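Some notes on the structure that comes next.
Protein chains: 2
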Amino acid sequence: MSQVIAIVSGGLDSVTLAHYYHAAGHRLHLLAFDYGQRHKKELDFARRCARRLEARIDVVDLSGVSALLKGSALTDDIPVPEGHYAAPSMAVTVVPNRNAIMLSVAYGVAVAQQADIVAAGFHAGDHPIYPDCTPAFVKAFDSMAQVANQGYALAGLHLEAPFVNITKHEIVAIGARLGVPFAETWSCYKGLARHCGKCGTCTERREAFQLAGVADPTEYEEGSASPCG
Amino acid sequence: MSQVIAIVSGGLDSVTLAHYYHAAGHRLHLLAFDYGQRHKKELDFARRCARRLEARIDVVDLSGVSALLKGSALTDDIPVPEGHYAAPSMAVTVVPNRNAIMLSVAYGVAVAQQADIVAAGFHAGDHPIYPDCTPAFVKAFDSMAQVANQGYALAGLHLEAPFVNITKHEIVAIGARLGVPFAETWSCYKGLARHCGKCGTCTERREAFQLAGVADPTEYEEGSASPCG
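Here you go:
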């Protein structure tokens, strides 16, 4: 049984990631990051995931860091863009070097706990906008971290991103097979009572369920049209 | 004039690093990290350095992170070891993946500010104990960060560690030429009123002044013998 340090935001991808490793019989330790998001709603869903899977979770406070990484609609007063997730307009949601920061912390925890695997839920749909979600990034980060922790990490510790070459609708299909309660995941960039249905991640979420042919249990705000009408 | 994001702890190496870039005419922005050290004394010396060089400084709160990175004498209740800095006993001072975490934050700040250089004061004396201070680490980290920020960083942004292949006494020699006020730097792992003179970094500091043939202005605790008697 391997020990897995998994980065879980409370979104669909990372919650499916946690279920994926749980189903494979690994011991899970979840890390969520408070980087001064506009809303903390997704962190609640990360905590619910941990309870459901009986996993330890730590919410790491990086709000002091994100104050220095100005310029993202996820943390600032810039309007959250609507439309498709992969569109150029979504570039305003980039938090500089965010994944390297989170993975560096996760790797440090993995070394401290002599864990076997660090896991992240990157997927192919992220690649057009976020350079720190690609296979090239995963490979470069793992190489760096192996050098950085030589002699201190458990032999064989490595980074896995099992969804890095598949799209979000394939993650939905995997999650459906694993019995992931998708209603217990949060994607929306806005912090309303229900998913707004219009922002980039909502658009991507709705599309993923449709393409996967899986019923979407998400409650969207009234008046937000489904992308297929 | 390039903009440099420099990681400065308040120690001899990093304060000399800041003076080095200042003397070369670069615009400096210092980053110090509060990672839950036993004492915050060195942070005061980082702030003094910023005032002296009229540079912006931000102290980044990572205390929530270091709580998860247990096992280091720098942050825990493990006794601080005495003796030579490069000895195997100093391995208890390793904070897992610390430099990758700090550099990831620094790189994110550099991207947000469209800076030209990220700088760190690693030196050859660190290599035996800290794998995240070596030339191989610097190269691997820079490769990773370039991939992670492609399209968002200023073209040419890169990591520099100008002291990575020289020893601490050579840093003292450089600092002496630059007029670094060495009494305004802090090395000791303990948080006493004066340097203890016995811990690993004190031993290394005293030795560096002696080997460089530079007068050591440090006030050490009485009764702590000089390494050469």
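Protein sequences, first through last, are from chains A and B. Position one of the first sequence corresponds to residue 319 (the numbering used here), numbered consecutively onward. Position one of the second sequence corresponds to residue 319 (the numbering used here), numbered consecutively onward. Using N, Cα and C, we set each Cβ at its ideal position, and we do this for glycine too. Quick caveat: nothing in here was measured; it's all calculated off a predicted structure.
Straight-line CA distance for residue i to residue j?
| i | j | result |
| --- | --- | --- |
| B/A418 | B/A438 | 11 angstroms |
| B/Q528 | B/S422 | 35 angstroms |
| B/V436 | B/L348 | 10 angstroms |
| B/K457 | B/M420 | 16 angstroms |
| A/R365 | A/G328 | 8 angstroms |
| B/P414 | A/G493 | 33 angstroms |
| B/Q383 | B/G469 | With the sequence shown as reference, residue 383 of chain B is identified as Val, and Gln is not the correct amino acid for it. Roughly 29 angstroms between the two C-alpha positions. |
| A/G531 | A/A491 | 8 angstroms |
| B/E522 | A/A511 | 58 angstroms |
| A/D343 | A/D444 | Looking at the sequence shown, residue 343 of chain A is not Asp but Gly. Between A/G343 and A/D444, the C-alpha separation is close to 28 angstroms. |
| B/A451 | A/T519 | Looking at the sequence provided, one finds Cys at residue 451 of chain B rather than Ala. Each residue's Cα considered, the two are about 39 angstroms apart. |
| A/Y507 | A/E539 | 13 angstroms |
| B/L361 | A/H513 | 43 angstroms |
| B/A341 | A/Q321 | 49 angstroms |
| B/E537 | B/Y339 | 27 angstroms |
| B/G509 | B/G515 | 12 angstroms |
| A/V412 | A/K388 | 10 angstroms |
| B/P535 | A/F455 | 46 angstroms |
| B/L475 | A/M319 | 42 angstroms |
| A/F363 | A/Q431 | 25 angstroms |
When you compare each of the options to residue i by their alpha carbons, which one comes out closest?
| i | options | result |
| --- | --- | --- |
| A/H487 | A/A533, A/E539 and A/A342 | A/A533 |
| B/V377 | B/V383, B/A350 and B/R369 | B/A350 |
| B/A473 | B/A479, B/Q464 and B/P480 | B/Q464 |
| B/I489 | B/Y538, B/A526 and B/H513 | B/A526 |
| B/L330 | B/F440, B/H344 and B/R374 | B/F440 |
| A/Y548 | A/F455, A/F459 and A/G443 | Absent from the model: residue 548 of chain A. The displayed extent of chain A is 319 to 547, so no value can be given. |
| A/P449 | B/Y538, B/W504, B/D450 and B/M462 | B/M462 |
| B/L335 | B/E372, B/P480 and B/A442 | B/P480 |
| B/C367 | B/M319, B/T503, B/Y507 and B/Q431 | B/T503 |
| B/T485 | B/Y507, B/A442, B/G515 and B/G509 | B/A442 |
| A/V326 | A/M319, A/S320 and A/R369 | A/R369 |
Please check the pair residue i and residue j, which I expect to be a contact at CB under 8 angstroms, by giving their CB distance rounded to whole angstroms.
| i | j | result |
| --- | --- | --- |
| A/I323 | A/A466 | In fact, because the Cβ distance is near 15 angstroms, the residues do not count as touching under 8 angstroms. |
| A/D352 | A/K359 | That belief does not hold up - the Cβ atoms of A/D352 and A/K359 are roughly 12 angstroms apart, past 8 angstroms. |
| A/V429 | B/L386 | Their Cβ separation, rounded to whole angstroms, is 11 angstroms, which puts A/V429 and B/L386 out of contact at 8 angstroms. |
| B/N483 | B/P446 | About 14 angstroms; that fails the 8 angstroms criterion. |
| A/L496 | A/H337 | 5 angstroms |
| B/L380 | B/L346 | In fact, because the Cβ distance is near 21 angstroms, the residues do not count as touching under 8 angstroms. |
Buried or exposed: where does residue i fall if 16 or more other Cβ atoms within 10 Å of its Cβ makes it buried?
| i | result |
| --- | --- |
| B/R524 | buried |
| A/P499 | exposed |
| B/Q355 | buried |
| B/A471 | buried |
| A/A501 | exposed |
| A/V333 | buried |
| B/R374 | exposed |
| A/C517 | buried |
| B/R416 | buried |
Contacting positions in the region 421-434 of chain B - beta carbon closer than 7 angstroms to chain A: S422, V423, Y425, G426, V427, V429 and A430
Listed from N- to C-terminal order along the chain, which residues in the region 465-479 of chain B have their beta-carbon within a distance smaller than 7 angstroms of any beta-carbon of chain A? V465, A466, N467, Q468, G469 and Y470
What are the residues in the region 361-391 of chain A lying within 7 angstroms of chain B by C-beta distance? D376, V378, D379, G382, V383, L386, L387, K388 and G389
Anything in the region 439-452 of chain B with a Cβ closer than 7 angstroms to a Cβ of chain A? List those residues in chain order, please. P449 and D450
Going along the region 483-507 of chain A in order, which residues come within less than 9 angstroms of chain B, judged by CB to CB distance? none
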